[in-house]
Amino acid sequence: MSKMSKVLVIVESPAKAKTIGKFLGRRYQVKASMGHVRDLPKSQFGVDVEQDFEPKYITIRGKGDLLKELRTAAKKADKILLGPDPDREGEAIAWHLSQVLGVEAMQPCRIEFHEITKSAIQNAVKHPRQIDLHRVEAQQARRILDRLVGYNLSPLLWRKIRKGLSAGRVQSVAVSMICEREEEIRAFQKEEYWTLTVLLKAGKGKLKARLLRQGDQKLEITSEEQMNQVLQTLDGREFIVKEIKKREKRRNPAPPFTTSSLQQEAYRKLGFTARRTMMVAQQLYEGIDLGEEGTVGLVTYIRTDSVRVADTALADVRDYIGQRFGADYVPEEARVFPTKSRSQDAHEAIRPTSLERVPEAMRSVLTSEQYKLYKLIFERFVASQMSVAVLDTTTLEIEAGDYGFRANGSVVKFFGFMKVYIEGKDEESSDDEGLLPDVAVGETLHQVQLEPKQHFTQPPPRFTEATLVKTLEENGIGRPSTYAPTIETIVMRGYVAREDKQFFPTELGEIVVDLLKEHFTEIVDVEFTAGMEHQLDEIAEGQVAWRDVLRRFYEPFKHTLEEAEQQIGTIDIVPEVSDQTCDLCGANLVVKMGRFGKFLACPRFPECRFTKPLLEEIGVTCPRCDGAVVARRSKKGRKFFGCAKYPECDYVSWDRPTNLACPQCNQRLVIKESKKNGARHICPEPGCGYEEVVVETNEQEQGTGS
31 MSKMSKVLVI
41 VESPAKAKTI
51 GKFLGRRYQV
61 KASMGHVRDL
71 PKSQFGVDVE
81 QDFEPKYITI
91 RGKGDLLKEL
101 RTAAKKADKI
111 LLGPDPDREG
121 EAIAWHLSQV
131 LGVEAMQPCR
141 IEFHEITKSA
151 IQNAVKHPRQ
161 IDLHRVEAQQ
171 ARRILDRLVG
181 YNLSPLLWRK
191 IRKGLSAGRV
201 QSVAVSMICE
211 REEEIRAFQK
221 EEYWTLTVLL
231 KAGKGKLKAR
241 LLRQGDQKLE
251 ITSEEQMNQV
261 LQTLDGREFI
271 VKEIKKREKR
281 RNPAPPFTTS
291 SLQQEAYRKL
301 GFTARRTMMV
311 AQQLYEGIDL
321 GEEGTVGLVT
331 YIRTDSVRVA
341 DTALADVRDY
351 IGQRFGADYV
361 PEEARVFPTK
371 SRSQDAHEAI
381 RPTSLERVPE
391 AMRSVLTSEQ
401 YKLYKLIFER
411 FVASQMSVAV
421 LDTTTLEIEA
431 GDYGFRANGS
441 VVKFFGFMKV
451 YIEGKDEESS
461 DDEGLLPDVA
471 VGETLHQVQL
481 EPKQHFTQPP
491 PRFTEATLVK
501 TLEENGIGRP
511 STYAPTIETI
521 VMRGYVARED
531 KQFFPTELGE
541 IVVDLLKEHF
551 TEIVDVEFTA
561 GMEHQLDEIA
571 EGQVAWRDVL
581 RRFYEPFKHT
591 LEEAEQQIGT
601 IDIVPEVSDQ
611 TCDLCGANLV
621 VKMGRFGKFL
631 ACPRFPECRF
641 TKPLLEEIGV
651 TCPRCDGAVV
661 ARRSKKGRKF
671 FGCAKYPECD
681 YVSWDRPTNL
691 ACPQCNQRLV
701 IKESKKNGAR
711 HICPEPGCGY
721 EEVVVETNEQ
731 EQGTGS
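Residue numbers (this note's numbering): 31 to 736.
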């Protein structure tokens, strides 16, 4: 290439184009394709099944002027480099661009970079490669496969249930999982059980021990009567230390983030939905204006299922750890995490592009959301290459007559990676933590208090965004880029609803899943869907022809579709009729399900479009008047509590109010919940500070508690 030649570089987004343009010299013109420029038509099937699944691509509506601009720039350029994202979708975009701009796909025109930094971009333009047609075919097969399912199943649902419904490979499996979990919860039979904790005095200290056994047998207490017998037996008993076990426990750090683990952890620690996480992560990847340094991408590519880290990045992070925390915090060798067997391993894990940009230094140039997510990514990456944490754990075996108790305690001997970051959990551990007082074998401990507690076994928990993403990934359903849009789709379609950060299936969702299970078993089958993902991987690796995969799927699917059309009758969803009437036409309002739960709507829709919230009374009276407190939804779907007499009474609270009065100031208590502290009654009066642990009673079920 001559020194005066002009090079056109095309990436996906304007933000990325602006950032990259600053890294390249005057010979380079950087433009954005705004994602795909061609696709299957929305108004037509767009796939010629008779011609071996030949796709019909058209220019996406609204992209005509953009394509004209790109063609004009291409004619003036001596060389064209195509730099969409480094995944199958990006490879397909590059191929479509090569087709419309007349670029020979077999010539080295494709550039790939995993971070938007000056060195990465300059290196990428020096080493273009051919477009990987196998990766293009894998994306094309996925697109056609989804079209075969969606454009055949959706019209069937329209005819049999109602218009506007949709079905898809991944979304149908996700809804099915949520429905199956709900069935487990409905079928669950709770069982009573009791636990007993004793508070003991040991010298100048105290400790808590839990009853585990009677004699050599594990003790299970299932009734209050049985617990009372145990309490009577233990009354006045001596508690003797029979055994002390001490050991050193070593904890390893979590690997750096993949797309899935980032979505899960951002939900656990920041409360971000998958969609919100990916939106903010994309901003960090595409570039942030750092003032004198210019616009720079702060993190590597965000759509990845690999935990692999480049050697240069490993060397950098080890140097950073040594300088920041000392040599003891740097393991002898860089830690290499195993990559899951289904991982494409095409990219690195998500990490900061430079460890010189510490989160605190970036705070002034980032939004609150950007800062929180960047800090999470930065700390997780640094911690992943730090030394193991070492804990001294102590277990005391204590006996009182025939009963055996156990006390667990631990103290951090060396923090290691825990000095920077500890991975969140979906369920908190119930193990006791903390340092136990010094005791000796044979020592007698003095009983201070016996603490019996009633419990009931719990059904399996409903899915949250974090646990749904985790389950989809573990079962090989979908890909990193599909989790967020899948969740948004099933909520928007009304198949599931979010309530208190949990997913509940709607009546519509259960009807659709039942229909699919009866007539299209494979569409909602986890193993079949995961197997299809594996076949798409094989296409990308050049091991199987994409048309063969589609052919094997479509022939039996077509036959099933024809049978279902004949066998399925029209399904009527009878809405629940309320006793409230429409303000506009007087008709009795019916209960509908929206993305944020149930609401009331006029049954004469679309002629009458009147709607109003469905007020959920919680059995609590308003602290300001005699009205009832009801649960409401903010514009963003967050639940809050307010007076049913609004706007006459403007009482509102984010925390659930109760009918209980504060013993210190007589203000009405509210319930605040957290993973760390559980449910607590707190006084909202500024300066009071009263709080207590919520005790489970029947009264709470009536609205006076949680």
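We put the beta carbon where it would ideally sit given N, CA and C, even for glycine.
request  = Could you spell out the range, first to last residue, of the beta strand (DSSP E) harbouring F670?
outcome  = Working through the sequence shown from its first residue, we reach residue 670 at position 640. Run containing F670: 669-673, per the beta strand (DSSP E) assignment.
message = Short of 7 Å in beta carbon distance, which residues of its chain neighbour K52, apart from the five on each side in sequence? Order them along the chain.
response = Working through the sequence shown from its first residue, we reach residue 52 at position 22. Excluding positions up to five away in sequence, the list reads G324, T325.
message = Once DSSP output is grouped into helix, strand and coil, what is the label at N618?
response = Here the question's residue 618 lines up with position 588 in the sequence shown. Residue state, collapsed to three classes: strand.
ask   = Given 8 Å as the limit, is there contact between the stretch 59-79 and the stretch 33-48, that is, 3 or more CB pairs closer than that?
value = yes
message = Buried or exposed for T288, going by 16 or more other Cβ atoms inside 10 Å?
response = Residue numbering aside, residue 288 sits at position 258 when the sequence shown is read from its first letter. With 16 or more Cβ atoms within 10 Å of its Cβ, T288 is classed as buried.
For R338, three-class secondary structure by DSSP = Numbered from 1 along the sequence shown, position 308 holds the residue referred to as residue 338. In the structure shown, R338 sits in coil (DSSP, three-state: anything other than H, G, I, E or B).
Three-pair Cβ contact test at 8 Å for the stretch 252-268 versus the stretch 467-482 = yes
ask   = What does DSSP give as the partner residues of H476 in its beta bridges?
value = As a first step, residue 476 is located in the sequence shown; it is residue number 446 there, counting from the start. Paired residues: K231.
ask   = In its own chain, which residues sit with a C-beta less than 7 Å from the C-beta of E119, not counting the 5 before and 5 after it?
value = Stepping through the sequence shown from its first residue, residue 119 is reached at position 89. Result list for E119: Q169, S511, in chain order.
request  = Using only alpha-carbon positions, find the residue among E473, Q293, I151, V420 that is nearest to I428.
outcome  = Position 398 of the sequence shown, counted from the start, is the residue given in the question as residue 428. Of the listed residues, the one whose Cα sits closest to I428 is E473.
ask   = Counting pairs of beta carbons, one from the stretch 272-289 and one from the stretch 412-428, are three or more of them closer than 8 Å?
value = yes
task = Since I believe E142 is in contact with T383 (beta carbons under 8 Å), could you give me their beta-carbon distance rounded to a whole number of angstroms?
result = Along the sequence shown, read from residue 1 onward, the residue named residue 383 stands at position 353. Along the sequence shown, read from residue 1 onward, the residue named residue 142 stands at position 112. Their Cβ separation, rounded to whole angstroms, is 16 Å, which puts T383 and E142 out of contact at 8 Å.
query = Alpha carbon to alpha carbon, how far is V388 from A413?
reply = Translated into positions along the sequence shown, residue 388 becomes position 358. Translated into positions along the sequence shown, residue 413 becomes position 383. Going by the C-alpha atoms only, they are around 14 Å apart.
message = Check whether the stretch 525-545 and the stretch 161-177 touch, using three or more Cβ-Cβ pairs below 8 Å as the test.
response = no
inquiry  = So, at 6 Å on beta carbons, what are the nonlocal neighbours of K86 in its own chain, with the 5 sequence-adjacent residues on each side left out?
reply    = Taking the sequence shown and counting its residues from 1, the one referred to as residue 86 is at position 56. Here the set comprises G76.
Cut-off 6 Å between Cβ atoms - residues of its own chain near Y720, not counting five sequence neighbours on either side = Stepping through the sequence shown from its first residue, residue 720 is reached at position 690. If we look at Y720 and ignore the five residues flanking it on each side, its Cβ neighbours are C692, Q694, C713.
inquiry  = Helix, strand or coil for Q170? Go by DSSP, reduced to three states.
reply    = Counting from 1 along the sequence shown, the entry for residue 170 is found at position 140. Looking at Q170 - three-state DSSP - the assignment turns out to be helix.
Selection from S149, K642, D162, A122 that minimises the alpha carbon distance to E571 = Counting from 1 along the sequence shown, the entry for residue 571 is found at position 541. Looking at the Cα atoms, D162 is the closest of the given residues.
M207 versus I407: straight-line alpha-carbon distance, rounded = Counted from its first residue, the sequence shown places residue 207 at position 177. Counted from its first residue, the sequence shown places residue 407 at position 377. Spanning the two alpha carbons is a distance of roughly 30 Å.
request  = Count the other CB atoms, across all protein chains shown, that sit within 10 Å of the CB of G717; report buried if there are 16 or more and exposed otherwise.
outcome  = For this step, residue 717 is matched to residue 687 along the sequence shown. Exposed, because fewer than 16 other Cβ atoms sit within 10 Å of the Cβ of G717.
ask   = What number of angstroms, rounded off, separates the C-alpha of V441 from the C-alpha of P515?
value = Residue mapping note: residue 441 aligns to position 411 of the sequence shown, counting from 1. Residue mapping note: residue 515 aligns to position 485 of the sequence shown, counting from 1. Their Cα atoms are separated by approximately 43 Å.
message = Quick check on Y404: does DSSP put it in helix, strand or coil?
response = By one-based count along the sequence shown, residue 404 stands at place 374. DSSP places Y404 in helix when its eight states are reduced to three.
inquiry  = On a Cα-Cα basis, can you pick out the residue from T501, K48, V607 that is closest to K622?
reply    = By 1-based counting over the sequence shown, the position of residue 622 is 592. Nearest option by C-alpha distance: V607.
message = Let me make sure I understand the geometry here. Which of G235, A661, A232, Q259 has the alpha-carbon closest to that of Q244?
response = Working through the sequence shown from its first residue, we reach residue 244 at position 214. Out of G235, A661, A232, Q259, Q259 has the C-alpha closest to the C-alpha of Q244.
query = DSSP state of V724, grouped into three classes?
reply = Along the sequence shown, one-based indexing puts residue 724 at 694. In the structure shown, V724 sits in coil (DSSP, three-state: anything other than H, G, I, E or B).
query = Between the stretch 149-162 and the stretch 94-105, do three or more beta carbon pairs fall short of 8 Å?
reply = no
message = Need the endpoints of the beta strand (DSSP E) that S440 sits in, please.
response = Residue numbering aside, residue 440 sits at position 410 when the sequence shown is read from its first letter. That run of the beta strand (DSSP E) goes 433-444.
ask   = Which whole-angstrom value is the C-beta distance of P643 and P687, which I expect to be below 8 Å?
value = As a first step, residue 643 is located in the sequence shown; it is residue number 613 there, counting from the start. As a first step, residue 687 is located in the sequence shown; it is residue number 657 there, counting from the start. So it is not a contact: roughly 18 Å between Cβ atoms.
ask   = When the Cα atoms are used, what is the spatial distance from N728 to T497?
value = Numbered from its first residue, the sequence shown carries residue 728 at position 698. Numbered from its first residue, the sequence shown carries residue 497 at position 467. Its pLDDT being 39, under 50, N728 is placed unreliably in this model, and the coordinates cannot settle the point.
task = Starting from V205, follow the alpha helix (DSSP H) in both directions and report where the run begins and ends.
result = On the sequence shown, position 175 is the one that residue 205 refers to. Looking at the DSSP string, the run of the alpha helix (DSSP H) that includes V205 is 199-217.
query = Would Q294 be called buried (16 or more neighbouring beta carbons within 10 Å of its own) or exposed?
reply = Numbered from its first residue, the sequence shown carries residue 294 at position 264. Q294 should be labelled buried.
Which of helix, strand or coil DSSP assigns to K483 = Position 453 of the sequence shown, counting from 1, holds the residue named residue 483. Strand, per DSSP.
request  = Taking S608 as part of the alpha helix (DSSP H), name the residues at either end of that continuous run.
outcome  = As a first step, residue 608 is located in the sequence shown; it is residue number 578 there, counting from the start. Element bounds for S608: not the alpha helix (DSSP H) but the beta strand (DSSP E), 606-611.
request  = Given a cut-off of 8 Å, decide if R410 and Y401 are closer than it, judged by their beta-carbon atoms.
outcome  = For the purposes of this step, residue 401 is taken as residue 371 along the sequence shown, with counting starting at 1. For the purposes of this step, residue 410 is taken as residue 380 along the sequence shown, with counting starting at 1. Not a contact, by the Cβ cut-off of 8 Å.
request  = Tell me the start and end of each unbroken alpha helix (DSSP H) in the stretch 46-83 that is at least 4 residues and wholly inside, in chain order.
outcome  = none
task = Count the other CB atoms, across all protein chains shown, that sit within 10 Å of the CB of K455; report buried if there are 16 or more and exposed otherwise.
result = For this step, residue 455 is matched to residue 425 along the sequence shown. Exposed.
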